[in-house]
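Engineer:
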Amino acid sequence: MRSPCEYAYEGWAVAAEQRPTVRRRVLGANLRRLREDKGLHLEDSAERLGCHPAKVSRIEAGRSGIRQLDLRVLLDLYGVTGDGERDGWLALAREGRRQRWWRVLEDQLPQDFLDLVGLEDEVYECRGFQPGIVPGLFQTEGYATAVIQGGSTGDLDVEQRAKLRVRMERQKALFRSAPAPLKVWMVLGEAALRQQVGGPEVLRHQLLHLIEMGRLPNVTLQVLPFTAGAYLGGPYPFLIYRFPPPAALEVVLLENFASHAYLEAREDTARLGSAFDHIRATALSALESESLIGTIANELPRP
Numbered sequence: 316m317r318s319p320c321e322y323a324y325e326g327w328a329v330a331a332e333q334r335p336t337v338r339r340r341v342l343g344a345n346l347r348r349l350r351e352d353k354g355l356h357l358e359d360s361a362e363r364l365g366c367h368p369a370k371v372s373r374i375e376a377g378r379s380g381i382r383q384l385d386l387r388v389l390l391d392l393y394g395v396t397g398d399g400e401r402d403g404w405l406a407l408a409r410e411g412r413r414q415r416w417w418r419v420l421e422d423q424l425p426q427d428f429l430d431l432v433g434l435e436d437e438v439y440e441c442r443g444f445q446p447g448i449v450p451g452l453f454q455t456e457g458y459a460t461a462v463i464q465g466g467s468t469g470d471l472d473v474e475q476r477a478k479l480r481v482r483m484e485r486q487k488a489l490f491r492s493a494p495a496p497l498k499v500w501m502v503l504g505e506a507a508l509r510q511q512v513g514g515p516e517v518l519r520h521q522l523l524h525l526i527e528m529g530r531l532p533n534v535t536l537q538v539l540p541f542t543a544g545a546y547l548g549g550p551y552p553f554l555i556y557r558f559p560p561p562a563a564l565e566v567v568l569l570e571n572f573a574s575h576a577y578l579e580a581r582e583d584t585a586r587l588g589s590a591f592d593h594i595r596a597t598a599l600s601a602l603e604s605e606s607l608i609g610t611i612a613n614e615l616p617r618p
């Protein structure tokens, strides 16, 4: 018979697994890809690890972490032999030990929003499409305030102030030195440039800020004009985040009004990657986009 302590530990472990981190989910999904590419079953991996197949299943689902020793065993089994590539996998498996700057706000923000912030702190590249609004990484404080308020007026409440603070802090990823600055390739729909979020003056400052951001060496900014017509993927926003090489694992973020959804399966990342390539090829060039942004800013009424 098990002791009460054993039952308590089991309950804690189950609770801890209920919300996998994005890092674990990406690692698990790609470990599953490696296994399936080799034509192996859960039982094969479990036999090599000397464990039950359920443990391997939990790792692949991101509900459980994996020890470095066990990961090395699986990488051997899956034929990942290059030192550089193995280092990338092992780094992804390590949970970050440094203090995250947003932890002091954990009790004020939704967990899925914190997942997004943590993801941007881990990855080195972001590609995406935003048809109707300027992305958070490029928002000015005035524009971000108007977005967070959602059309209401007055002072921000506690949660809204926390969101604004985090949104502004997130942008530091574009200028960080270690790791290297976040590389961003973003396509904006023309509607995102014309929707007068916060009013004409707020939007003008936002558009001029976009021009400045687009000139950063690690940022590519394009506009998909109204004249482009129909395009692959439709008017749905998405972001594709890539972890550092050599592993270069990817995760797709689908963001809506209420929550975030993360897709790690290779078919999902490939499908959205193809849609992004089509959209960027259809969009205006970076120079043409800068010109259009400037034209729209100059057309806005002045106070």
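Each residue of the sequence shown is one higher than the one before, counting from 316 in this note's numbering.
Each residue gets a CB set at the ideal place from its N, CA and C atoms; glycine is no exception.
Keep in mind it's a predicted model, so treat the numbers as computed, not measured.
#1: For R412, does the count of other Cβ atoms within 10 angstroms reach 16, so buried, or fall short, so exposed?
#2: Please work out which residues of its chain come closer than 8 Å, Cβ to Cβ, to S600, disregarding the five sequence neighbours upstream and downstream, and give them in chain order.
#3: Closer than 6 Å by C-beta to L547: which residues in its own chain qualify, once you throw out the five before and the five after it? Chain order, please.
#4: To the nearest angstrom, report how far apart E362 and P368 are at their CA atoms.
#5: Once you ignore the five residues that flank G343 on each side, which residues in its own chain have a CB closer than 7 Å to its CB?
#6: Starting from E582, trace the alpha helix (DSSP H) in both directions and tell me its first and last residue.
#7: Tell me H575's beta-bridge partners as DSSP assigns them.
#8: Hey, how far is the Cα of P446 from the Cα of L407?
#9: With DSSP as the reference, please indicate the residues paired to I608 in a beta bridge.
#10: Give the secondary structure of Q537 by DSSP, where H, G and I count as helix, E and B as strand, and everything else as coil.
#11: At which residues does the alpha helix (DSSP H) containing K478 begin and terminate?
#12: Using three-state DSSP, classify Y556 as helix, strand or coil.
#13: For the region 434 to 475, which segments carrying the beta strand (DSSP E) assignment without a break, of at least 3 residues, lie completely within its bounds, in sequence order?
#14: From what residue to what residue does the beta strand (DSSP E) around L503 run?
#15: L342 lies in the alpha helix (DSSP H); which residues open and close that run?
#16: Give the straight-line distance between the Cα atoms of I608 and L523, rounded to the nearest whole angstrom.
#17: Using the beta-carbon count (16 or more within 10 Å), is P450 buried or exposed?
#18: For L645 versus R485, is the C-beta spacing smaller than 9 Å?
#19: For L339 and G380, which I take to be in contact (beta-carbon distance under 8 Å), what is that distance rounded to the nearest angstrom?
#20: Determine the contact status of L304 and L389, defining contact as a CB-CB distance below 9 Å.
#21: If distances are taken between C-alpha atoms only, which option among V512, E516, M528 comes closest to K305?
#22: Can you name the start and end residues of the alpha helix (DSSP H) that P368 belongs to?
#23: Can you tell me whether A612 is buried or exposed? The criterion is at least 16 other CB atoms within 10 Å of its CB, across all chains shown.
#24: CB-CB under 6 Å to P559, same chain, minus the five flanking residues each way: which ones, in chain order?
#25: Buried or exposed for L602, please, with buried defined as at least 16 other CB atoms from any protein chain shown within 10 angstroms of its CB.
Structural biologist: With the given structure in hand:
#1: Confidence is the limiting factor: at R412 the pLDDT is only 44, short of 50, which leaves the residue's position unreliable and the question unanswerable from this model.
#2: In chain order, Q537 place their CB closer than 8 Å to the CB of S600, counting only its own chain and leaving out the 5 sequence neighbours on each side.
#3: Around L547: A590, H593.
#4: In this structure, the straight-line span from the alpha carbon of E362 to that of P368 is close to 8 Å.
#5: Excluding positions up to five away in sequence, the list reads I374, E375, A376, G377.
#6: E582 -> alpha helix (DSSP H) spans 581 to 597.
#7: Bridge partners of H575: E570.
#8: Roughly 32 Å between the two C-alpha positions.
#9: For I608, no pairing in a beta bridge is given by DSSP.
#10: In the three-state reduction of the DSSP assignment, Q537 falls in the strand class.
#11: For K478, the enclosing alpha helix (DSSP H) has its first and last residue at 473 to 485.
#12: Y556: strand per DSSP, three-state reduction.
#13: The region 434 to 475 is shown to contain whole beta strand (DSSP E) runs of 3 or more residues at 440 to 445, in chain order.
#14: 498 to 504 is the extent of the beta strand (DSSP E) around L503.
#15: 337 to 352 is the extent of the alpha helix (DSSP H) around L342.
#16: So the two alpha carbons sit approximately 8 Å from each other.
#17: Buried, by the Cβ-count rule.
#18: Examination of residue 645 is not possible in this model, given that the chain is present from 316 through 618 alone.
#19: Before going further, note that residue 339 is Arg rather than Leu in the sequence given. Right, the Cβ-Cβ distance comes to about 6 Å (below 8 Å), so this counts as a contact.
#20: The question about residue 304 has no answer, for the chain in this structure spans 316 to 618.
#21: Because the chain spans 316 through 618 in this model, residue 305 falls outside it and cannot be assessed.
#22: Taken as a continuous stretch (DSSP letters only), the alpha helix (DSSP H) holding P368 covers 368 to 375.
#23: Answer is buried; the Cβ neighbour count reaches 16.
#24: Same-chain partners within the cutoff: Y439.
#25: Flag for L602 reads exposed.
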